[in-house]
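Engineer: Listed in order, the protein sequences are those of chains Y and P.
Per UniProt numbering, the first sequence starts with residue 1, numbered consecutively.
Per UniProt numbering, the second sequence starts with residue 1, numbered consecutively.
Backbone N, C-alpha and C define an ideal beta-carbon position, used for all residues, glycine too.
Bear in mind that the values here come from a model prediction, so they are computed numbers and not experimental data.
Below is the structure I would like to discuss, written out as structure tokens.
2 protein chains.
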Amino acid sequence: MGRLKRNERIAAIVKILSDNPNRTFTLSYFSDLFQSAKSTISEDIVVTKQAMEKANLAKIETITGAAGGVRLIPTTTAEKNQKILTELCHRLKEKDRILPGGFLYMIDVLYSPHLIHSLGEVFACQFDYSEVDYVVTVETKGIPIALMVAKAMNLPLIILRHENKVTEGSTVSINYISGSSGKMQRMSLSRRAIKPKSKVILIDDFMKAGGTAKGMVDMMKEFDAEVVGMGVLIGTKEPEKKLVSDYIPLLILEDVNEEKGEIQIYPNQNLIL
Amino acid sequence: MGRLKRNERIAAIVKILSDNPNRTFTLSYFSDLFQSAKSTISEDIVVTKQAMEKANLAKIETITGAAGGVRLIPTTTAEKNQKILTELCHRLKEKDRILPGGFLYMIDVLYSPHLIHSLGEVFACQFDYSEVDYVVTVETKGIPIALMVAKAMNLPLIILRHENKVTEGSTVSINYISGSSGKMQRMSLSRRAIKPKSKVILIDDFMKAGGTAKGMVDMMKEFDAEVVGMGVLIGTKEPEKKLVSDYIPLLILEDVNEEKGEIQIYPNQNLIL
Numbered sequence: 001m002g003r004l005k006r007n008e009r010i011a012a013i014v015k016i017l018s019d020n021p022n023r024t025f026t027l028s029y030f031s032d033l034f035q036s037a038k039s040t041i042s043e044d045i046v047v048t049k050q051a052m053e054k055a056n057l058a059k060i061e062t063i064t065g066a067a068g069g070v071r072l073i074p075t076t077t078a079e080k081n082q083k084i085l086t087e088l089c090h091r092l093k094e095k096d097r098i099l100p101g102g103f104l105y106m107i108d109v110l111y112s113p114h115l116i117h118s119l120g121e122v123f124a125c126q127f128d129y130s131e132v133d134y135v136v137t138v139e140t141k142g143i144p145i146a147l148m149v150a151k152a153m154n155l156p157l158i159i160l161r162h163e164n165k166v167t168e169g170s171t172v173s174i175n176y177i178s179g180s181s182g183k184m185q186r187m188s189l190s191r192r193a194i195k196p197k198s199k200v201i202l203i204d205d206f207m208k209a210g211g212t213a214k215g216m217v218d219m220m221k222e223f224d225a226e227v228v229g230m231g232v233l234i235g236t237k238e239p240e241k242k243l244v245s246d247y248i249p250l251l252i253l254e255d256v257n258e259e260k261g262e263i264q265i266y267p268n269q270n271l272i273l
Numbered sequence: 001m002g003r004l005k006r007n008e009r010i011a012a013i014v015k016i017l018s019d020n021p022n023r024t025f026t027l028s029y030f031s032d033l034f035q036s037a038k039s040t041i042s043e044d045i046v047v048t049k050q051a052m053e054k055a056n057l058a059k060i061e062t063i064t065g066a067a068g069g070v071r072l073i074p075t076t077t078a079e080k081n082q083k084i085l086t087e088l089c090h091r092l093k094e095k096d097r098i099l100p101g102g103f104l105y106m107i108d109v110l111y112s113p114h115l116i117h118s119l120g121e122v123f124a125c126q127f128d129y130s131e132v133d134y135v136v137t138v139e140t141k142g143i144p145i146a147l148m149v150a151k152a153m154n155l156p157l158i159i160l161r162h163e164n165k166v167t168e169g170s171t172v173s174i175n176y177i178s179g180s181s182g183k184m185q186r187m188s189l190s191r192r193a194i195k196p197k198s199k200v201i202l203i204d205d206f207m208k209a210g211g212t213a214k215g216m217v218d219m220m221k222e223f224d225a226e227v228v229g230m231g232v233l234i235g236t237k238e239p240e241k242k243l244v245s246d247y248i249p250l251l252i253l254e255d256v257n258e259e260k261g262e263i264q265i266y267p268n269q270n271l272i273l
């Protein structure tokens with residue numbers, strides 16, 4: 001590429017860091033890419049850091065020493081969280097979302113890339129993931145959100161399946177009881193998917209009684225993995241006592257009234273900014 | 001936020017555009033955000049555009065007029081494609097990936113957020129998606145890649161399910177024959193998921209005989225939707241004649257030799273840059 005001016009280098013650095021949150025890039029990487037001295041790149045990064053922090057867009061961390069470099073850490077603000085989650089509640093309250101049985105039609109929301117990209121960053125800010133190895137979810141509706149969480153954290157995603165597949169090799173399977181329906185279900189995971197002694201964060205789209213979440217926790221025990229956090233996009237208010245504790249819902253669903261066509265849902269007010 | 005200098009505004013603009021590819025932001029949006037004149041923002045965008053294009057990182061499109069604004073369009077280069085796809089082939093050739101029956105263990109690759117983010121951009125450059133309404137995939141392994149394609153294109157994702165779910169409302173289901181196993185399978189989709197007369201791009205992780213792909217095409221007919229493109233991460237060389245035509249594989253799998261522990265896979269040399 002032609003030689004870039006300072007302004008242009010900064011723009012390019014921001015693009016690369018934004019596309020790769022939580023990935024560390026060495027000064028040498030940028031100095032080779034732009035054919036510029038490391039001291040020049042260092043100055044560019046100072047400006048980048050100031051810009052991201054002044055505009056509340058992200059945190060830029062510089063790590064000194066031989067293994068050093070720079071990385072972008074997604075951040076959020078109370079104002080941004082409130083805006084994203086309030087708008088989401090507004091959409092979810094549309095009364096034609098109510099399905100027979102009081103279920104909510106949500107896949108348009110759950111599969112909307114930009115929205116769930118933002119939700120991934122909101123989730124990422126709820127956990128200390130500095131020592132986490134994997135983000136784990138269970139198919140299917142939670143996969144897109146979990147992937148966005150994994151991307152924000154720069155961690156691999158693991159998807160628990162309901163059936164064994166020949167393309168997964170030898171698997172571990174467990175049975176669990178879906179808390180709300182009382183139905184027996186099965187989940188399985190390739191034996192080689194998770195290294196022993198790993199730390200994981202569980203992400204799912206919805207939690208009512210917590211049966212699926214408990215199944216995920218049990219599955220992690222089979223892999224000798226430690227669950228260090230659990231997040232769900234929507235947790236129901238009732239039953240208050242669920243089969244798992246220590247989960248973080250972004251939204252709380254209080255009631256779906258089929259007769260009146262009313263949906264009561266609101267942002268969790270106890271989120272970390 | 002405090003008043004930003006030009007450098008800092010440019011950094012912030014790049015961050016916002018990068019996080020939202022193909023989404024148009026008005027000049028007013030940035031001028032309000034930074035409390036700066038539109039003429040100032042216009043100049044910032046000129047620099048942003050030059051930087052992204054000089055560094056081959058993206059295309060910046062400015063649209064004039066009342067509905068005008070600016071957006072970032074993901075781009076790729078022959079060199080970048082080759083690097084991503086060659087590295088991916090290198091990983092996929094590791095012989096311990098071979099599973100009984102000659103299948104390949106690939107979920108670590110398919111669920112790796114940064115890799116599939118890049119693949120999403122490579123895919124996006126293969127199609128004219130200016131009039132496309134949805135990216136469509138079928139559960140489960142192709143979902144992460146399809147989501148990244150949808151994000152790059154700023155389009156909603158649609159996931160075809162193997163089972164009806166109460167949370168999808170009334171659904172349309174079809175039966176199809178998995179081309180390689182000859183087994184009858186079923187896929188279903190919520191009736192309200194796709195608006196009539198839509199245009200769609202189909203994305204999946206793997207194609208051998210093309211039975212699943214044909215099932216997806218048939219499903220789109222049920223929704224009166226037009227398939228304008230189809231992409232798969234890996235297409236097998238054999239059978240050469242598949243149940244669908246006009247699909248774009250990023251990689252071509254020629255052979256998995258269980259005895260010798262050899263995998264022959266290479267990048268498709270006919271990709272659009």
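1) Can you round the beta-carbon distance between Arg71/Y and Leu157/Y to whole angstroms, since I take them to be within the 8 Å contact cut?
2) How many Å lie between Ile41/P and Leu33/Y at the Cα?
3) What are the boundary residues of the beta strand (DSSP E) that Gly231/P is part of?
4) When burial is assigned at 16 or more other CB atoms within 10 Å of the CB, is Leu273/Y buried or exposed?
5) Could you check what DSSP says for Val138/P in three-state terms: helix, strand or coil?
6) Go through the region 40-106 of chain P residue by residue and report every complete run of the beta strand (DSSP E) that reaches 3 residues or more, in order.
7) Return the chain-ordered list of same chain residues with a C-beta closer than 6 Å to the C-beta of Leu253/P, the five sequence neighbours on each side being excluded.
8) How is Asn164/Y classed by DSSP in three states: helix, strand or coil?
9) Applying a beta-carbon distance threshold of less than 7 Å, which residues of chain P neighbour Gly101/Y?
10) In chain P, which residues lie less than 9 Å from Ile10/Y when you measure between Cβ atoms?
11) Just tell me which of Leu271/P, Gln269/P, Asn257/P, Asn270/P has its CA closest to the CA of Arg97/P.
12) Taking the Cβ atom as the reference point for each residue, do Leu99/Y and Gly169/P lie within a distance shorter than 8 Å?
13) Quick one: is Pro239/Y buried, meaning 16 or more other Cβ sit within 10 Å of its Cβ, or exposed?
14) Quick check: Ile263/P and Lys83/P, are their CB atoms within less than 8 Å of each other?
15) Report buried or exposed for Lys141/Y, applying the criterion of at least 16 other Cβ atoms within 10 angstroms of its Cβ.
16) Could you tell me whether the Cβ atoms of Met220/Y and Val200/Y are closer together than 8 Å?
17) Just to make sure I have the definition right: I need the residues of chain P whose C-beta is within less than 9 Å of the C-beta of Asn20/Y. Which are they?
18) Quick one: what does DSSP say Tyr266/Y is sitting in, helix, strand or coil?
19) Please compile the residues from chain P whose C-beta is within a distance smaller than 9 Å of the C-beta of Val47/Y.
20) Closer than 7 Å by beta-carbon distance: list the chain Y residues that pair up with Leu271/P, in chain order.
21) Do the region 5-17 of chain Y and the region 102-110 of chain P touch if we need at least three Cβ pairs shorter than 8 Å?
22) Please report the distance separating the alpha-carbon of Ala51/P from that of Arg6/Y.
23) For Ile16/Y, which three-state DSSP category applies?
Structural biologist: Concretely, from the data shown:
1) By 1-based counting over the first sequence, the position of residue 71/Y is 71. By 1-based counting over the first sequence, the position of residue 157/Y is 157. Not quite, the Cβ-Cβ distance comes to about 19 Å (not below 8 Å), so this is no contact.
2) Translated into the one-based positions of the second sequence, residue 41/P becomes position 41. Translated into the one-based positions of the first sequence, residue 33/Y becomes position 33. If I take the Cα positions, the gap works out to 27 Å.
3) As a working note, residue 231/P is residue 231 in the second sequence. It spans 226-236 - the beta strand (DSSP E) in which Gly231/P sits, taken as one unbroken run.
4) The residue labelled residue 273/Y in the question sits at position 273 within the first sequence. Leu273/Y is exposed by the Cβ-count criterion.
5) The residue given as residue 138/P occupies position 138 in the second sequence. It is a strand residue.
6) 58-63, 69-74
7) Residue 253/P sits at position 253 when you count from the first residue of the second sequence. So the qualifying residues of the chain are Ile234, Thr236, Ile265.
8) Sequence index remark: in the first sequence, residue 164/Y carries index 164 (1-based). Reduced to three states, the DSSP call for Asn164/Y is coil.
9) The residue given as residue 101/Y occupies position 101 in the first sequence. Near Gly101/Y (Cβ distances below 7 Å), the residues of chain P are Val166.
10) What you label residue 10/Y is simply residue 10 of the first sequence in a count that begins at 1. Those within 9 Å of Ile10/Y in chain P are Asn7, Glu8, Ile10, Ala11, Val14, Ala51.
11) For the purposes of this step, residue 97/P is identified with residue 97 of the second sequence, where counting begins at 1. Of the candidates Leu271/P, Gln269/P, Asn257/P, Asn270/P, the one whose C-alpha sits nearest the C-alpha of Arg97/P is Asn257/P.
12) For the purposes of this step, residue 99/Y is taken as the residue at position 99 of the first sequence. For the purposes of this step, residue 169/P is taken as the residue at position 169 of the second sequence. Taking 8 Å as the Cβ cut-off, Leu99/Y and Gly169/P qualify as a contacting pair.
13) As a first step, residue 239/Y is located in the first sequence; it is residue number 239 there, counting from the start. When all chains shown are included, Pro239/Y counts as exposed.
14) Along the second sequence, read from residue 1 onward, the residue named residue 263/P stands at position 263. Along the second sequence, read from residue 1 onward, the residue named residue 83/P stands at position 83. Not in contact: Ile263/P and Lys83/P (Cβ atoms no closer than 8 Å).
15) Taking the first residue of the first sequence as position 1, residue 141/Y is located at position 141. Buried: at least 16 other Cβ atoms inside 10 Å.
16) For this step, residue 220/Y is matched to residue 220 along the first sequence. For this step, residue 200/Y is matched to residue 200 along the first sequence. In this structure, Val200/Y lies closer than 8 Å to Met220/Y by Cβ.
17) As a first step, residue 20/Y must be located in the first sequence, where it is residue number 20. Chain P residues near Asn20/Y: His114, His117.
18) Sequence index remark: in the first sequence, residue 266/Y carries index 266 (1-based). Reduced to three states, the DSSP call for Tyr266/Y is strand.
19) Sequence index remark: in the first sequence, residue 47/Y carries index 47 (1-based). The answer, in chain order, is Lys5, Asn7, Glu8, Ala11.
20) Stepping through the second sequence from its first residue, residue 271/P is reached at position 271. Ordered by position in chain Y, no residue passes the 7 Å Cβ test against Leu271/P, which lies about 20 Å from the chain.
21) No, they do not touch.
22) Translated into the one-based positions of the second sequence, residue 51/P becomes position 51. Translated into the one-based positions of the first sequence, residue 6/Y becomes position 6. Answer to the nearest angstrom: the Cα atoms are 10 Å apart.
23) Position 16 of the first sequence, counting from 1, holds the residue named residue 16/Y. Ile16/Y falls in the helix class under three-state DSSP.
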